[in-house]
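2 protein chains.
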Amino acid sequence: MLFTSEQRLDDGVLEREFTLGEIPGILWTPTSASAPASASAPVPLILLGHPPLGLRKMYPRLVARARRSAAEGFATATIELPGSGDRPRWPAAEQARADLRRAMDAGGPVSDEIVDALALPLVEKAVPEWQATLDALLSLPEIGGPVGYSGGVISIGIRLAVVEPRIVAAGLFAGSLVPRAIFEEAQQITIPLHVLLQWDDEGNDRQAALDLFDAFGSKEKSLHANMGGHTGVPQFAAEAAAQFFTRHLK
Amino acid sequence: MLFTSEQRLDDGVLEREFTLGEIPGILWTPTSASAPASASAPVPLILLGHPPLGLRKMYPRLVARARRSAAEGFATATIELPGSGDRPRWPAAEQARADLRRAMDAGGPVSDEIVDALALPLVEKAVPEWQATLDALLSLPEIGGPVGYSGGVISIGIRLAVVEPRIVAAGLFAGSLVPRAIFEEAQQITIPLHVLLQWDDEGNDRQAALDLFDAFGSKEKSLHANMGGHTGVPQFAAEAAAQFFTRHLK
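Chain order of the listed sequences is A and B.
Numbered according to this note's numbering, the first sequence spans residues 1 to 250.
Numbered according to this note's numbering, the second sequence spans residues 1001 to 1250.
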């Protein structure tokens, strides 16, 4: 893990860009200026998941989540997903995205084949990268644990929750474009889950999202459904998600 | 409104039993001992709804909710529902309850006729009583406003939210035994709603509860679904409901 830049945000949070091999990422850590109570000891970590739109495009929303988490005494980190930002595309993913757009523009259902082609290779590539990032982050003296995963892509969050024992709680953004194979893995999850559902999400099928929530194997799982579209998560819902992590990572 | 008894609970909350005509009720108010910041000025009020099992049976759960609300600076009040506790039964309600038990024991669906017979007369009787109670409570110097309604019976909460403009926010406990007429009224609700759904509620149909949530007309409505049966609401869900009222009544 190589730090390539470092800046202190106006609220005292330390933002460092890094590369891990060919993967760019960002690490945010609280400092004595941003969270006086918790900055001296190693802090818990939240991995910030996000849709595959590129870190640069996602930065404003990611840094807002990072600042809120830092104020609660959490470090946060994110990485560029394979095939996003400046990372090399692969043809099958481009094809799958085009197929998805066509299916959604036509208002028709999205076939299992498209969902599989879209999500399965992404999960297969991204999950080991998140795990390698976790190895590197947990070797830093300022990062302790425990570790949570927060956000999309929900299929990546599901796989990580199943295969990565260092992740002890996950806040997931409900989605419906989940391959059947991943849906079945969801039943194996046992860690506490906090699931956000936007009731009128234009990109997701509500019933499929509810079925997925029902399938999660966790004994503690909460669904928070709020009005509005995909990007319309209300402020109070973000606060409730933060409280979930405070309950489980502190 | 006649106060018939008064005691100070160990956390400083003042508990007063009252009667309003033939209706018994309980009022809890914060004092300088229980909520130093807010006890000097008139405080907001939360009406505590509950299932028709009788105030005496419901007391432990009600007083727990009252104490939590008092700690946040809210007064709370509840009344005995018509046909519950020591209040006179009416034969049609007894018949409807027996029919419901029979239908549920048989594992079959509960007919619209049973639901209507169970809920409609209760709503017709209880809602004006809640309104008269509200008149009396708001005339007390220590109670200001705004006013919220919290809890079951959901059909009563829906009707109150539609007809009583002094209620500005409602926290409802999702139920499925809702008459069609009340379901249609739900679309007229415009106040912020916070709906608790117990995912494995043995007495409620989950899909009907989700359909009802979808029908509410409010622009701000949140569904918090948690694992467990009817009485298994987790502590953190109660806290989230309390935060909802703090957002809207303070």
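Cβ coordinates follow ideal geometry from the N, Cα and C atoms, glycine included.
Values in this document were obtained by computation on a predicted structure and should not be read as measured data.
- Task: With DSSP as the reference, please indicate the residues paired to threonine 19 (chain A) in a beta bridge.
- Result: A:Leu2 and A:Pro24
- Query: Mind pulling the alpha helix (DSSP H) runs of 4 or more residues that sit fully within the region 159-211 of chain A?
  - Reply: 180-186
- Presumed contact (8 Å Cβ cut-off) between serine 111 (chain A) and alanine 119 (chain A), rounded CB distance: With 8 Å as the limit, serine 111 (chain A) and alanine 119 (chain A) do not qualify as a contact, their Cβ atoms being about 13 Å apart.
- Query: At what residues does the alpha helix (DSSP H) containing serine 69 (chain A) begin and finish?
  - Reply: 55-71
- Given that a residue counts as buried once 16 or more other Cβ atoms are within 10 Å of its Cβ, and exposed if not, what is glutamine 1007 (chain B)? exposed
- Residues bridged to arginine 8 (chain A) (per DSSP): A:Leu14
- Nonlocal neighbours in the same chain, by C-beta distance under 7 Å from alanine 96 (chain A), ignoring five residues either side: Ile114, Ala117 and Leu118
- Chain-ordered chain A contacts of arginine 1247 (chain B) [CB-CB under 9 Å]: Phe236
- For the alpha helix (DSSP H) that contains alanine 119 (chain A), what are its first and last residues? 112-138
- Item | Boundaries (first-last residue) of the beta strand (DSSP E) holding proline 1044 (chain B) | 1043-1048
- Item | Nonlocal neighbours in the same chain, by C-beta distance under 7 Å from asparagine 226 (chain A), ignoring five residues either side | Gln198, Trp199, Val233, Pro234 and Ala237
- So the alpha helix (DSSP H) leucine 249 (chain A) belongs to, where does it begin and stop? 235-249
- Interface partners of leucine 223 (chain A) on chain B, CB under 9 Å: Leu1197, Trp1199, Leu1223, His1224, Ala1225 and Asn1226
- Determine the chain B residues that contact glutamate 202 (chain A) at a beta-carbon separation under 8 Å, and present them in chain order. Here the premise fails: no neighbours, minimum Cβ distance about 16 Å.
- Item | Cβ pair glycine 1085 (chain B), alanine 1093 (chain B) closer than 9 Å | no
- Figure out for me which residue from B:Pro1141, B:Trp1090, B:Ile1079 and B:Gly1012 has the closest Cα to the Cα of alanine 1071 (chain B). B:Gly1012
- Message: Just verifying my parser: in three-state terms, what is the DSSP assignment at serine 1032 (chain B)?
- Response: coil
- For alanine 1209 (chain B), does the count of other Cβ atoms within 10 angstroms reach 16, so buried, or fall short, so exposed? buried
- Use the C-beta contact count for aspartate 1201 (chain B): other C-beta atoms within 10 angstroms, 16 or more gives buried, fewer gives exposed. buried
- Contact list for alanine 240 (chain A) against chain B, beta-carbon separation under 7 Å: Ala1240
- Hey, is glutamine 1243 (chain B)'s beta-carbon within less than 9 Å of any beta-carbon in chain A? yes
- Inter-residue Cα distance where the pair is glutamate 1164 (chain B) and alanine 1064 (chain B): 26 Å
- Given methionine 1 (chain A), which residues of its chain have a CB within under 7 Å of its CB, disregarding the five upstream and five downstream residues? Phe18, Leu20 and Ala136
- With a Cβ-Cβ cutoff of 9 Å, do leucine 1134 (chain B) and arginine 1101 (chain B) count as a contact? no
- Message: By the DSSP assignment, the alpha helix (DSSP H) with proline 1082 (chain B) in it spans what residues?
- Response: No alpha helix (DSSP H) contains proline 1082 (chain B), which DSSP labels as neither H nor E.
- Kindly indicate which residue of A:Leu27, A:Gly49 and A:Asp10 has the alpha-carbon position closest to the one of alanine 33 (chain A). A:Asp10
- Task: Work out the CA separation of threonine 1231 (chain B) and histidine 1050 (chain B) for me, nearest whole Å.
- Result: 12 Å
- Message: Please report the straight-line C-alpha distance between histidine 248 (chain A) and glycine 107 (chain A), rounded to a whole angstrom.
- Response: 40 Å
- Do phenylalanine 3 (chain A) and valine 43 (chain A) have their CB atoms nearer than 9 Å? no
- Message: On the DSSP letters alone, give me the boundaries of the beta strand (DSSP E) that proline 146 (chain A) sits inside.
- Response: 143-150
- So, glycine 1171 (chain B) versus glycine 1203 (chain B), is the Cβ gap smaller than 9 Å? no
- Query: What is the rounded straight-line gap between the Cα of glutamine 1243 (chain B) and the Cα of serine 1150 (chain B)?
  - Reply: 12 Å
- Query: Beta-carbon of phenylalanine 183 (chain A) versus every beta-carbon of chain B: anything under 9 Å?
  - Reply: no
- Query: DSSP on serine 1218 (chain B), reduced to helix/strand/coil?
  - Reply: coil
- Whose Cβ in chain A lies nearer than 8 Å to the Cβ of lysine 1219 (chain B)? Met227
- Message: Just checking: is the beta-carbon of phenylalanine 974 (chain B) within a distance shorter than 9 Å of some beta-carbon in chain A?
- Response: Here chain B comprises residues numbered 1001 to 1250, so residue 974 (chain B) is not present and cannot be evaluated.
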